[in-house]
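Numbering (this note's numbering), first residue to last: 3 to 84.
Beta carbons: idealized from backbone N, C-alpha and C, even for Gly.
The structure displayed is predicted, hence computed values, not measured ones.
One structure is given below, encoded as structure tokens.
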């Protein structure tokens, strides 16, 4: 995701593809990182239960979402609030 200014308005550009084939990387995940991702997913599922129908389900495949399921904006801290 990249945030740009277009016609005087801020806009997010989201892409699930990379610019070139050489941009693809395979990164090893150690056990600690896998455990962290599992805990993040559990927390997201818990937040979804607590929030019920008000939980945003548009970004379920994203790691960096806030407590209500909305993705973090590129100009906010993953630890901060929106």
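Across the structure, residue 57 and residue 63 are spaced so that their CA atoms are roughly 14 Å apart. The beta carbon of residue 16 lies closer than 6 Å to those of 3 in the same chain, with the five residues before and after it left out. Taking 9 Å as the cut-off, the Cβ atoms of residue 61 and residue 43 do not count as close. The three-state secondary structure of residue 49, taken from DSSP, is helix.
CA-CA distance, residue 23 to residue 31, rounds to 21 Å.
Contact between residue 20 and residue 26 holds, since their C-beta atoms are separated by about 6 Å, short of 8 Å.
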